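A.B. asks: The number in the working numbering is simply the position in the sequence shown, starting from 1, with 1310 added. Positions of the beta carbon are idealized from the N, C-alpha and C atoms, including for glycine. Here the structure is a predicted model, which means the values were calculated and not measured.
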Amino acid sequence: MEHKKIIKTNQNPNHRLFYTKVFPASKKWWHQLTRNTNQRKPTLINISESSRNVWQILFFVMAIKLSSANPFPISDSSVPNVDFSYISPSSLTLPNQTLWLGFLPAMLLGGGGKRSAGALTTAIEDVNQRKEFVRNGIKLGFCYYDAKGNSLAALKAMTELYMKGVSAFIGPEGTCNYEAALATAWNIPLISYKCSEEVQMKQNHLLTFARTQPSTSKVSESIIALLQHYQWFQFVIVVGSRPIWQETADALTKLAAKNNFTVRDVVHFDEPYISGGGVRKIVMETYENTHIYIFLGDHHALTEFVRTLKSMGLTDSGDYVTIGVNDQPDDPTKRIKYFIFEPFETKESLTMNEIKAFQSVLIMAPRGPSNPNWDSFLERTRQNLGREPFHVPSLPFKKNPISIHAAYLYDAIQVYSRAILESFLEGRNISDGKLITSKIRSRSFESIQGYSVYIDEDGDAKGNYTVLSLQKDVSKPFHMFLDQVGSFEMTSKESGTPKYRPLRDIWWVKGKKPTGEPECGFDGIKCIAKIDWLVVVVCSVVTTLVFMIGILAVRHYSYEKKLERLLWKINFKDIVFLTSPDDVMELPNKSSLKKSMTRWSFLQPNTNSGATPSNAKPFYKGQQVSVKFIGKKSVELTRAMKRRMQLLKEMQHENINRFIGACVDPPNCCIVRQYCARNLGELLHNKDIRLDNMFISSLVADLIKGMLYIHDSDIICHGNLKPSNCLVDARWVLQITDFGVNTLGEVEECCLESMEDEKYYNRLLYTAPELLRSACRNLNGTQKGDSYSFALILYEIHTRHGPWESTNLPKCELIKQLQHHKVGQAPMRPNTQGLSMDENVVRCMEDCWRENPEERLEFRSIKFRLKLFVQDQKPNIYDHIMGLMEKHAENLEILVAQRTIELEEEKKRSENLLMRMLPRSVAESLKIGSPVIPEQYESVTIYFSDIAGFTSLSALSTPLQVVDLLNDLYTCFDSIIGDYSVYKVETIGDAYMVVSGLPERNGDMHAGEIASMSIHLLSAIKHFKIRHRPHERIKLRIGIHSGSCVAGVVGHRMPRYCLFGDTVNTASRMESTGVALKIHCSEKTFLLLQKLGGYHCKPRGHIDIKGKGQMYTYFLVGEDQRYRLRRLNECVKEPLNGITLTKSCSSSKLIRMLSEQNDANMDFLDDNDDVFFTYGQDADDSENLNLLPSLTKFTGRSVSSSSSSSQSGKPLIHYQLPSEH
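1. Given a threshold of 16 other Cβ atoms within 10 Å of its Cβ, counted over all protein chains shown, does G1941 qualify as buried or as exposed?
2. Whole beta strand (DSSP E) runs in the region 1998–2064 with 3 or more residues, listed along the chain?
3. Alpha carbon to alpha carbon, how far is T2251 from I2350? Give it in angstroms, no decimals.
4. Secondary structure at G2353, three-state DSSP: helix, strand or coil?
5. Just reading off the beta strand (DSSP E) that S2264 is part of, what are its end residues?
6. Report all residues from its chain with a CB closer than 8 Å to the CB of L1418; omit the five preceding and five following residues, and keep chain order.
7. Report back the beta-carbon spacing between N1965 and Q2045 to the nearest angstrom; my notes put them in contact at under 8 Å.
8. Is D2157 helix, strand or coil when you go by DSSP?
9. Let's see if you can read the secondary structure: which residues bound the beta strand (DSSP E) around Q1962?
10. Once you ignore the five residues that flank W1684 on each side, which residues in its own chain have a CB closer than 8 Å to its CB?
11. Would Q1523 pass as a contact of A1771 if the rule is Cβ separation under 8 Å?
12. For K2335, does the count of other Cβ atoms within 10 angstroms reach 16, so buried, or fall short, so exposed?
13. Going by beta carbon distance, what residues of the same chain come within less than 6 Å of A1566, once the five residues before and after it are set aside?
14. Would you kindly work out how many angstroms separate the C-alpha atoms of F2049 and D2024, rounded to a whole number?
15. Can you tell me whether DSSP reads A2386 as helix, strand or coil?
16. Return the chain-ordered list of same chain residues with a C-beta closer than 8 Å to the C-beta of S2116, the five sequence neighbours on each side being excluded.
17. Tell me whether I1633 sits in a helix, a strand or coil according to DSSP, three-state version.
18. So what's A1559 in DSSP terms, helix, strand or just coil?
19. Should the region 2099–2119 be regarded as contacting the region 2017–2033, the criterion being three or more beta carbon pairs within less than 8 Å?
20. Quick one: what's M1674 bridged to in DSSP?
21. Find out if the Cβ-Cβ distance for the pair S1670, T1613 is shorter than 8 Å.
22. For the pair the region 2371–2378 and the region 2404–2411, tell me if three or more CB-CB distances fall below 8 Å.
23. Is the beta carbon of V1631 sitting closer than 8 Å to the one on V1529?
24. Determine the contact status of A1559 and V1549, defining contact as a CB-CB distance below 8 Å.
25. Since I believe K1449 is in contact with N1438 (beta carbons under 8 Å), could you give me their beta-carbon distance rounded to a whole number of angstroms?
26. Name, in chain order, the residues that DSSP records as bridge partners for V1573.
27. Got a sec? Which residues, its chain only, sit under 6 Å from I1646 by beta carbon, not counting five neighbours each side?
28. Just the Cα atoms here: how many angstroms apart are K1620 and G1796?
29. Between P2229 and Y2293, how many whole angstroms is the CB-CB distance? I'm expecting something under 8 Å.
30. With H, G and I counted as helix, E and B as strand and the rest as coil, what does DSSP make of M1790?
31. Can you give the Cα-Cα distance for V2273 and I1885, rounded to whole angstroms?
32. Could you tell me whether the Cβ atoms of E1483 and E1557 are closer together than 8 Å?
33. Do you know how far the Cα of V2232 is from the Cα of K2218?
34. When DSSP labels each residue in this structure, what does Y2293 get in the three-state scheme?
35. Between Q2271 and the rest of its own chain, which residues show a CB-CB distance below 8 Å, the 5 nearest in sequence each way excluded?
36. Going by beta carbon distance, what residues of the same chain come within less than 6 Å of L2102, once the five residues before and after it are set aside?
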């Protein structure tokens, strides 16, 4: 059991000394210590608490015995503004007590304390005046001991101060390793302000140590941040012999390895540096091994190092960079020191070459003070240095210099006082050194220098560095200077490597940042192809993300630009209103052709029996349109309005009435849509039109598909769905209209009672009750409101009368009853009893018009509920219509035989027209209801042409004149292309598209057919006259291209035979980049023409083709028709018995060519003779052509007429083709 003895001092009965019997000598040095301190109050020293271990006590006693003199050379009166009252660090801190700090400067022998110690008094004065300290009765004082920068003296002083009861140690200067261990053993904070020594013990052991002087070795973190910013991952370290630089180099090497940097070499030089001290040798040994130098050493050595690089020409290439580190704070007034060797050189002796040598140098130096009160702080420090206890004399002619360590000393007191105050306010023991130090570490504080400093988990303050670089003075062309170009900032957690923050551009050599290493690396390893799949994947993902973000940004920008272009806006002057029937008849023949191909005209309503048609029919760009005028004087074009109009413009669906545009120029504000001759309401109320289940299911299915498309779009809902807004076109396809523009429509009154117009109530008959009840009806509507309207339309489709006709109520009273529904009563709805319709359809209607909007079906549910009703009908509406036609024909045969004949003739015309619009094979497939499978064609030639200057010509012509012009031109073209093995695809405006090689393949002859046809068209266009401008000539621009494509039929209603593939685009590009009155062909077509022979081409050269890049193209200038005649001759199978042509040749085309080339007469043919040509061996495929008007002469070895005759008795003319010479 441990024996303890209590000794009470005569001055304070509460102070006790505990010690163990195993150390009897401790009593002696205790009494000796109390005798030496005479007037000082006794201290309570606890050496037997559990926190003291044996080795700490031994070390403590040994340190005391080493002391042979009085460590306190001052008296109470020598310390200004300080009450010397010593208390035990292990006792609880009470209010109004003084916390004593042990201050260990180096005052003698040129110690740094003569230039910094006054900051301690300044800091304590500031702390003691703080309200928080005064209010809580906390006061700081200090005992100072001149440790002379010696570790042994510092240990002695710490022992004596510990015996005196100090709460913390401030210092010592120059050494802190062993002192930190001793303070940790005593559990007393030790805050160093001037010690760059690397502590050897781990952070878990030195729990009471911290320092406010940034460790120079910590600059390695900022160096790594700078290298990371510029992506310099390999470097060489040039380090001086001073211990601080050696420690920094070691720290940098370790940190580089941790962050995957490569230190290619570490070279040393002696310090202090003497000119010519081996710098050139270092450069010669390392310059081939690096592009980046990290220079740790004296700035004179740095100057010679940089000049050496310049003299060797290494910096002129811009590949080399030197990063120099300075351990002294940056002073803008003394930056000239980096350029010269002081005191041997002066500023005036510098040459331009010596200054420009620093263009490849980045200098890292501790950031200088930026506190606006910095001068005041320095003055107070000087004053306190001259006072007790320091008594530093003032210099006679200048102010005493104050070192930067004065700021570190001031900061040490500030961080300690902050920790003391926080612990006191938390009610914790402020004598616990570990607690106090924990509140100092891993935190930032505001330095007296004017910026934030971070103390890491090891207790080391991290330096705040700035980066300097050579800059040009814009105002003085030949003046260059060092200026700040960057700084560092901590990360969010203020730990680890800081982040470099550039402040301005660096004046790099040759204007670009050095790469850090050659392209193939210093060893050439990088030129050996090695695939790092992880890097490839990461780069691919990053590139994809960047690409997607870029696409989104570009799309957003393009969309905004598109909104500003107002593509939907229509000039009202472009809308032509025709009132005379003669004007309507002058429209293009396409309109009449469209009417003639309508096979179901008997189903169309009789316009003469109904309402009187409008006198004025609007036309826009030659197309009849529907114009709805807006009852507003002006329309405000907000972004939302522009966006909605653009959405409507882009909506394309077969069951949506196409929005052409809108005119918003007052007073002619109107909406222009695709024209349809009738709406669903007119169709349902026309009793002459019979609608069976097939038509009803088709109309309902179209309505559902159209509403689904609207609900899935950004328009969201219709809002005004009713039969009059459901149009039916000539193909019996239902199209929904009048949606998305309700905000442009007429302004409706909010109160129903004030409206007495019958038309107003008619518009509300299909509106949902919840929308009628709102004070101001929502013009945009809701999706549930659309379901309600759909149910009423479905009811009307099946019953062929309005949903409210059976109520016999006035419209205004009906609307009021729908609006004011009483709770508990069944809502007013159409009567479904006795309806002859499917039960599922009835239940679907009732679920759609429920009173509660949330209980109504959505259109996807409606589609599912009516799926069986729609599927029960025939899938092909064409088959159904043909069936109706047959039934109707049978009835007409009984009544009127003539009507039957007319019907058959109409059917034949329709089929013939179908054959003219589509290839024979496609038309036959459509006739039998078989699907047309798209087919790949390996080699075809496509022809595109348009009229150069057509826009200008159209501007000078009326729309009808433009239509007449195109009709005359295409009639001429159509008459020419019949002589060639080609297929006319389509015409779009002034564009004309022809293809050869499909649908019937003809080998390589397609290129020749298109080329000959192009020459023929170009020849014909030169003689073409414009009716309304006879003195002007059409300038045709032709482009042809050969390649593969896919052909197929698109659409079920009004199908089109279309071509797809890059060949189509390239052919169009040939035309658009061509020259008027010339045939522009691609290289592929040119090669085929060369293969066929007989065509003359002229190279045009390389041109830029959109989407294709540079292409080498040609102009087709002529042909030798004998080659084409020879090719056609090869198609003949039996020349002696008569001509028999393969399906790849055209008989009319062949005879026309023969008639133009040969000299013999055919006098034996009279005007009534027909010429028959047989394709292959199939006699049913004969083609009867009256060729006498065109076949005026031809030559041959023999020409004779056959004795055989046709069914009409006319002779079959046979001839033999001429043989090749």
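C.D. replies: According to the data block:
1. In the sequence shown, residue 1941 corresponds to position 631, counting from 1. The residue in question, G1941, is exposed, as its Cβ has fewer than 16 Cβ neighbours within 10 Å.
2. Taken in chain order, the complete beta strand (DSSP E) segments of 3 residues or longer contained in the region 1998–2064 are 2036–2038, 2044–2046.
3. Within the sequence shown, numbered from 1, the residue matching residue 2350 stands at position 1040. Within the sequence shown, numbered from 1, the residue matching residue 2251 stands at position 941. Going from the Cα of I2350 to the Cα of T2251 covers about 7 Å.
4. Here residue 2353 refers to the residue found at position 1043 when the sequence shown is read from its first residue. For G2353, the secondary structure class from DSSP, reduced to helix, strand or coil, is strand.
5. For the purposes of this step, residue 2264 is taken as residue 954 along the sequence shown, with counting starting at 1. For S2264, there is no enclosing beta strand (DSSP E); the enclosing alpha helix (DSSP H) covers residues 2260–2265.
6. In the sequence shown, residue 1418 corresponds to position 108, counting from 1. Same-chain partners within the cutoff: D1456, K1458.
7. Numbered from its first residue, the sequence shown carries residue 1965 at position 655. Numbered from its first residue, the sequence shown carries residue 2045 at position 735. Under the criterion of beta carbons closer than 8 Å, N1965 and Q2045 qualify as touching, at roughly 6 Å.
8. Position 847 of the sequence shown, counted from the start, is the residue given in the question as residue 2157. Looking at D2157 - three-state DSSP - the assignment turns out to be helix.
9. Your numbering for residue 1962 matches position 652 in the sequence shown. That residue, Q1962, is in no beta strand (DSSP E); it is neither H nor E in DSSP.
10. On the sequence shown, residue 1684 is found 374 positions in, with the first residue counted as 1. Scanning its chain for C-beta atoms nearer than 8 Å, with the 5 sequence neighbours on each side dropped, one finds around W1684 the residues I1758, Q1759, G1760, in chain order.
11. For the purposes of this step, residue 1523 is identified with residue 213 of the sequence shown, where counting begins at 1. For the purposes of this step, residue 1771 is identified with residue 461 of the sequence shown, where counting begins at 1. Contact flag set, yes.
12. On the sequence shown, position 1025 is the one that residue 2335 refers to. Counting Cβ neighbours within 10 Å, K2335 comes out exposed, since fewer than 16 surround it.
13. Counted from its first residue, the sequence shown places residue 1566 at position 256. For A1566, where only same-chain residues beyond five positions count, the Cβ hits under 6 Å are V1573.
14. As a first step, residue 2049 is located in the sequence shown; it is residue number 739 there, counting from the start. As a first step, residue 2024 is located in the sequence shown; it is residue number 714 there, counting from the start. Take the alpha-carbon of F2049 and the one of D2024: they are about 12 Å apart.
15. Within the sequence shown, numbered from 1, the residue matching residue 2386 stands at position 1076. Of the three classes helix, strand and coil, the one that applies to A2386 here is coil, per DSSP.
16. Here residue 2116 refers to the residue found at position 806 of the sequence shown. Cβ within range, chain order: P2140, N2141.
17. Taking the sequence shown and counting its residues from 1, the one referred to as residue 1633 is at position 323. In the structure shown, I1633 sits in a strand (DSSP, three-state: E or B).
18. What you label residue 1559 is simply residue 249 of the sequence shown in a count that begins at 1. Here A1559 sits in helix by DSSP.
19. A contact exists between the region 2099–2119 and the region 2017–2033.
20. Counted from its first residue, the sequence shown places residue 1674 at position 364. The partner list for M1674 (beta bridge, DSSP) reads V1635, V1777.
21. Looking up residue 1670 in the sequence shown gives position 360. Looking up residue 1613 in the sequence shown gives position 303. No, these two residues do not count as a Cβ contact at 8 Å.
22. Not touching, per the Cβ criterion.
23. Translated into the one-based positions of the sequence shown, residue 1631 becomes position 321. Translated into the one-based positions of the sequence shown, residue 1529 becomes position 219. With contacts defined by Cβ atoms closer than 8 Å, V1631 and V1529 do not form a contacting pair.
24. Walking along the sequence shown from the start, residue 1559 turns up at place 249. Walking along the sequence shown from the start, residue 1549 turns up at place 239. Yes, the pair counts as a contact, with Cβ atoms nearer than the cut-off.
25. Here residue 1438 corresponds to residue number 128 of the sequence shown, with the count starting at 1. Here residue 1449 corresponds to residue number 139 of the sequence shown, with the count starting at 1. In this structure, N1438 and K1449 form a Cβ contact; the two beta carbons are roughly 6 Å apart against a cut-off of 8 Å.
26. Here the question's residue 1573 lines up with position 263 in the sequence shown. In DSSP, V1573 forms a bridge with F1545.
27. Taking the first residue of the sequence shown as position 1, residue 1646 is located at position 336. K1657.
28. Residue numbering aside, residue 1620 sits at position 310 when the sequence shown is read from its first letter. Residue numbering aside, residue 1796 sits at position 486 when the sequence shown is read from its first letter. The alpha-carbon of K1620 is positioned some 24 Å away from that of G1796.
29. Here residue 2229 is taken as the residue at index 919 of the sequence shown, counted from 1. Here residue 2293 is taken as the residue at index 983 of the sequence shown, counted from 1. The distance from the Cβ of P2229 to that of Y2293 is about 7 Å, consistent with a contact at the 8 Å cut-off.
30. Translated into the one-based positions of the sequence shown, residue 1790 becomes position 480. Here M1790 carries a strand assignment [DSSP, helix/strand/coil].
31. Here residue 2273 refers to the residue found at position 963 of the sequence shown. Here residue 1885 refers to the residue found at position 575 of the sequence shown. When the Cα atoms are used, V2273 and I1885 turn out to be separated by approximately 16 Å.
32. Here residue 1483 is taken as the residue at index 173 of the sequence shown, counted from 1. Here residue 1557 is taken as the residue at index 247 of the sequence shown, counted from 1. Cβ atoms of E1483 and E1557: not closer than 8 Å.
33. Mapped onto the sequence shown, residue 2218 falls at position 908. Mapped onto the sequence shown, residue 2232 falls at position 922. Spanning the alpha carbons of K2218 and V2232 requires a straight line of approximately 17 Å.
34. What you label residue 2293 is simply residue 983 of the sequence shown in a count that begins at 1. The three-state reading of DSSP puts Y2293 in strand, counting E and B together.
35. Counting from one through the sequence shown, the residue named residue 2271 turns up at place 961. In its chain, beyond the 5 residues on either side, R2337, H2338 have a beta carbon closer than 8 Å to the beta carbon of Q2271.
36. The sequence position of residue 2102 within the sequence shown is 792, counting from 1. Only residues of its own chain outside the window of five on either side were considered, and among them Y2076, P2113 have a CB closer than 6 Å to the CB of L2102, listed in chain order.
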